[in-house]
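If you're matching them up, the sequences are chains A and B in order. Under our numbering, the first residue of the first sequence is numbered 1, with each subsequent residue one higher. Under our numbering, the first residue of the second sequence is numbered 1001, with each subsequent residue one higher. Working notes for the structure below.
2 protein chains.
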Amino acid sequence: MQLTGNIVVGQSGGPTAVINASVAGVYSAGKELGAAKVYGMVNGIQGFLKENLLDLDEYLAEEEGIELLKRTPAAFLGTCRYKLPVPEGHEDIYEQIFAVMEKYEITTMLYIGGNDSMDTVKMLSDYAAAHGKPQRFVGIPKTIDNDLPVTDHCPGFGSAAKYIATSLKEIIRDNEAYEGKTKLILVEIMGRHAGWLTGAAGLAKGEDCTGVDAIYLPERVFDVDAFVAKIEELAAKKSSVVIAVSEGVKLADGRFVSEFFAESTDVDVFGHKQVAGSCATLADIVERRTGIKARVIEPSLLQRAATHIASLTDIDEAFAAGSAGVKAAMEGLSGVMITLNRVSDAPYKCETAAYDIHAIANLEKMVPEQFISKDGCQITDEFLAYLRPLIQSELYPIFKDGLPAHLVRRK
Amino acid sequence: MQLTGNIVVGQSGGPTAVINASVAGVYSAGKELGAAKVYGMVNGIQGFLKENLLDLDEYLAEEEGIELLKRTPAAFLGTCRYKLPVPEGHEDIYEQIFAVMEKYEITTMLYIGGNDSMDTVKMLSDYAAAHGKPQRFVGIPKTIDNDLPVTDHCPGFGSAAKYIATSLKEIIRDNEAYEGKTKLILVEIMGRHAGWLTGAAGLAKGEDCTGVDAIYLPERVFDVDAFVAKIEELAAKKSSVVIAVSEGVKLADGRFVSEFFAESTDVDVFGHKQVAGSCATLADIVERRTGIKARVIEPSLLQRAATHIASLTDIDEAFAAGSAGVKAAMEGLSGVMITLNRVSDAPYKCETAAYDIHAIANLEKMVPEQFISKDGCQITDEFLAYLRPLIQSELYPIFKDGLPAHLVRRK
Chain A
1 MQLTGNIVVG
11 QSGGPTAVIN
21 ASVAGVYSAG
31 KELGAAKVYG
41 MVNGIQGFLK
51 ENLLDLDEYL
61 AEEEGIELLK
71 RTPAAFLGTC
81 RYKLPVPEGH
91 EDIYEQIFAV
101 MEKYEITTML
111 YIGGNDSMDT
121 VKMLSDYAAA
131 HGKPQRFVGI
141 PKTIDNDLPV
151 TDHCPGFGSA
161 AKYIATSLKE
171 IIRDNEAYEG
181 KTKLILVEIM
191 GRHAGWLTGA
201 AGLAKGEDCT
211 GVDAIYLPER
221 VFDVDAFVAK
231 IEELAAKKSS
241 VVIAVSEGVK
251 LADGRFVSEF
261 FAESTDVDVF
271 GHKQVAGSCA
281 TLADIVERRT
291 GIKARVIEPS
301 LLQRAATHIA
311 SLTDIDEAFA
321 AGSAGVKAAM
331 EGLSGVMITL
341 NRVSDAPYKC
351 ETAAYDIHAI
361 ANLEKMVPEQ
371 FISKDGCQIT
381 DEFLAYLRPL
391 IQSELYPIFK
401 DGLPAHLVRR
411 K
Chain B
1001 MQLTGNIVVG
1011 QSGGPTAVIN
1021 ASVAGVYSAG
1031 KELGAAKVYG
1041 MVNGIQGFLK
1051 ENLLDLDEYL
1061 AEEEGIELLK
1071 RTPAAFLGTC
1081 RYKLPVPEGH
1091 EDIYEQIFAV
1101 MEKYEITTML
1111 YIGGNDSMDT
1121 VKMLSDYAAA
1131 HGKPQRFVGI
1141 PKTIDNDLPV
1151 TDHCPGFGSA
1161 AKYIATSLKE
1171 IIRDNEAYEG
1181 KTKLILVEIM
1191 GRHAGWLTGA
1201 AGLAKGEDCT
1211 GVDAIYLPER
1221 VFDVDAFVAK
1231 IEELAAKKSS
1241 VVIAVSEGVK
1251 LADGRFVSEF
1261 FAESTDVDVF
1271 GHKQVAGSCA
1281 TLADIVERRT
1291 GIKARVIEPS
1301 LLQRAATHIA
1311 SLTDIDEAFA
1321 AGSAGVKAAM
1331 EGLSGVMITL
1341 NRVSDAPYKC
1351 ETAAYDIHAI
1361 ANLEKMVPEQ
1371 FISKDGCQIT
1381 DEFLAYLRPL
1391 IQSELYPIFK
1401 DGLPAHLVRR
1411 K
């Protein structure tokens, strides 16, 4: 079987450390399966509407380009937070997208993204089906939040987890270097609603590391009084206390902990409340109530951008997901997202499949009950067993003049 | 020539990514030069007073131990912030230190630290000289702040600089992935008085990176109005603006920028006075005056603890400084600190020497005028030429179960 026509691949939403590996996977499979051109859309569907396309041959025809792209953080093609409106009343936008596809003889669009981006794939494939258009649309999962349903996990998550666990091991070692008065550190970890990445803080614990002293996921209601009591209990017996807290922890009344002192009305374009500062807020509360000062560490963007310490397992799976998307389209599928199905844990084995996008778009997968300890302050061994394979192995950066080298778009 | 008696090595002050490489250097040279025992003092001079010693043979006799120690962040021996009082009126403390040395037949003490720790070396060597005691005291430099005088640079700085530059490249790439509305990031970098590490942000710029848009060192008075104007100017022409600011930047009246709100009637969004860092304060000011929201990134402890991305040049020099300290003592020197003397830039060549501790202890070396651009917002090519050799090469972590492995003290 061979592909007919050209392919376009786009990136959408917040980048991950390995989102570019999926572009590499799309390109490699596309070329192998006979696509004449593999285009990249610059800044996602928003750029596509403006015909802002580039020919990936210019960057990836040599193996060197692929190797550098796999080690490049952020979205090589540029990304967007554009939300495609519903077709009703916006037919012009949809027709414009299909017109660009026809103009460039593009039969297949691969869109790499998270929940919101999968909505774009769903709407475009539904529109094509409803209007008898032959173009195919396939979603490639990507999110450090790991909250897409159906798939066992999401490309990008394993590398973020590896960065978090590596950094926490270093932070804990640093904090343990002193004796005497308790040093409290609160580490704020990304994840607006789901606590997958915060849970990865549990990976730091091992033969050479005592691990974090507590982990607070957004799946459990955050009890400020219990938190303060926990700090006091830990401070009474340990000189180093390191705690991982999700940016998205919520109070019993539904407000984010970061809104403890005031209501926030800030929302982003998707209607999400902007969350930042759960740990800064908690540090303030703890100091007022106990006198214990906390150091707040918020790795922020580095959680999704630290490709220099990416998981090779994650890079390989991101690449495989991109390739699988091309194959799925070639086999006639549209309106699907590529999923990662874990076949076995020991040895770890994971296969790709394709799943109906309607069961995925706009839905979020939370950390299940059995992954969180009874007291809500730690993760279970079952969660650790789930996490461990995802952070294995490394792809060393290509260093140039002392720093990791990246592939860049020419203007 | 051969060493007589035993050696003790201690770590003091804030750790660096390579402070353990100096312990490895002391141990290796000590053993090579005939020391029967190389002791480590646990938690610095404070632990030494309590006879809290360990025999480094237990950890480092096998080459594997040395290799792991070189890759271990924070102070393997534990550290302290204990300031040795002046001898007058505290002779008991001094006599206790010499008594412990005699008990363990220790003829040489190597103390790894920054400005304050060098004061300890100075006072102990002065006391020995004044009281006719034969023991020798040698300081080994260590500080990510790079602010010790005489030495060209300090072990620990190169790795922190490599971490900052690597992280900034990743942050800038992430921030440039979007188009449209300006995204402003303020990165707060360690260094309370000297701007060496903040200056290392300039290393991010290269063929594959546009670099940071401005750099603010504490060597220049911080002008809030000029800063806000600079942000507005950058925001008008760029969708990604990334700025590096030292935690230690100061206003014309001598207050830290982080104290900007302390003397004014301004309060933060929560209605209380801001007690955050310099960047959180600046983000608040910029938002009030321009409406532009900033994301603040403070790598915090990771700047000194991220051994996983350490500079091999730095590791090698930290090791060499430790070894040189032992040799200096064997040659009869005391009351000296080991310095790194840059012999040439191309090829980079650096040698160790020993220098009178009285010219070093308690003094700070600031970034010189010619390393800062005229407008005070960037570093010069001369500064870059100084920095570049220090971040070269890598020593890959030894990964175990997906994470960098560290050497730990047994209880």
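Just so it is clear, CB atoms sit at the ideal spot from N, CA and C, and this is done for glycine as well.
Cross-chain neighbours of P15/A in chain B, by beta carbon under 7 Å = D1174, A1177
query = Mind checking if S167/A is an interface residue toward chain B, Cβ cutoff 7 Å exclusive?
reply = yes
ask   = In whole angstroms, what separates the C-alpha of D126/A from that of T79/A?
value = 23 Å
ask   = Closest by CA to E67/A, which one among N20/A, G34/A, C279/A?
value = N20/A
request  = Flag H1308/B as yes if its beta-carbon sits less than 7 Å from any beta-carbon of chain A, otherwise no.
outcome  = yes
request  = Have a look at the DSSP bridge pairing and note the partners of G40/A.
outcome  = V9/A, L54/A
query = Unbroken alpha helix (DSSP H) runs of length 4 or more, entirely within the segment 312 to 384 of chain A: which are they?
reply = 312 to 330
task = Tell me where the beta strand (DSSP E) around G30/A begins and ends.
result = G30/A -> not in any beta strand (DSSP E); alpha helix (DSSP H) instead, spanning 19 to 32.
ask   = Closest by CA to S393/A, which one among I372/A, I379/A, L312/A, L403/A?
value = L312/A
Selection from A280/A, L333/A, F227/A, R289/A that minimises the alpha carbon distance to A129/A = Of the listed residues, the one whose Cα sits closest to A129/A is L333/A.
request  = Using a Cβ cut-off of 7 Å (strictly closer), state whether S1300/B contacts chain A.
outcome  = yes
key: For A1353/B and E1095/B, the rounded distance between their alpha carbons   = 30 Å
request  = Would you kindly check if the distance between the Cβ of A160/A and the Cβ of I144/A is under 7 Å?
outcome  = yes
query = Cα separation between I231/A and C279/A?
reply = Their Cα atoms are separated by approximately 13 Å.
Boundaries (first-last residue) of the beta strand (DSSP E) holding A294/A = 294 to 297
query = Tell me which same chain residues have a C-beta within less than 6 Å of the C-beta of K70/A, skipping the five on either side of it?
reply = In chain order, A21, A24, I315 place their CB closer than 6 Å to the CB of K70/A, counting only its own chain and leaving out the 5 sequence neighbours on each side.
message = Just to confirm, is the Cβ distance from N362/A to D152/A under 7 Å?
response = no
inquiry  = I believe D1284/B touches L301/A by the beta-carbon criterion, under 8 Å. Please report the beta-carbon distance rounded to the nearest angstrom.
reply    = So it is not a contact: roughly 20 Å between Cβ atoms.
Minimum Cβ-Cβ distance from I379/A to chain B less than 7 Å = no
query = Does the beta-carbon distance from G248/A to R192/A come in below 7 Å?
reply = yes
request  = Taking G1030/B as the reference, give the member of A1099/B, V1408/B, D1057/B with the closest Cα.
outcome  = D1057/B
Element boundaries [beta strand (DSSP E), containing M109/A] = 106 to 113
query = If you drop the 5 nearest sequence neighbours on each side, which residues of the same chain put their C-beta closer than 6 Å to that of H1406/B?
reply = T1072
query = With G1335/B and F1048/B assumed to form a contact (beta carbons below 8 Å), what rounded beta-carbon distance in angstroms separates them?
reply = Incorrect: roughly 18 Å between the Cβ atoms, too far for contact.
key: 8 Å contact criterion, which D1116/B and K1142/B should meet: CB distance rounded   = About 11 Å; that fails the 8 Å criterion.
message = Using CA atoms only, rank isn't needed, just tell me which of M101/A, V121/A, T198/A, T16/A is closest to I360/A.
response = Residue V121/A is the option with its Cα nearest to I360/A.
ask   = Are there three or more Cβ pairs, one per stretch, closer than 8 Å when the segment 1200 to 1218 of chain B is compared with the segment 1369 to 1379 of chain B?
value = yes
key: Pair within 7 Å by beta-carbon distance, A200/A and E1170/B   = no
ask   = Since V1224/B is in the alpha helix (DSSP H), which residue starts that stretch and which ends it?
value = Counting along the chain, the unbroken alpha helix (DSSP H) around V1224/B starts and ends at 1224 to 1237.
request  = Might you give, ordered along the chain, the residues of its own chain that have their beta carbon closer than 6 Å to the beta carbon of V38/A, omitting 5 neighbours on each side?
outcome  = Result list for V38/A: I7, Y27, G30, L56, in chain order.
Cβ shell of T1004/B (< 7 Å), same chain only, five flanking positions each side left out = T1107
Contained alpha helix (DSSP H) runs [length at least 4] in the segment 1062 to 1106 of chain B, N- to C-terminal order = Fully enclosed alpha helix (DSSP H) runs of 4 or longer: 1063 to 1070, 1091 to 1103.
request  = Rounded to whole angstroms, what's the CA-CA distance from Q1303/B to E1051/B? Just pull it up for me.
outcome  = 32 Å
inquiry  = Relative to the C-alpha of V1042/B, which candidate in A320/A, G195/A, I379/A, Y178/A has its C-alpha closest?
reply    = Y178/A
message = Can you tell me whether A1405/B is helix, strand or coil according to DSSP?
response = coil
Same chain, Cβ closer than 6 Å to G206/A, five either side skipped, listed in chain order = none
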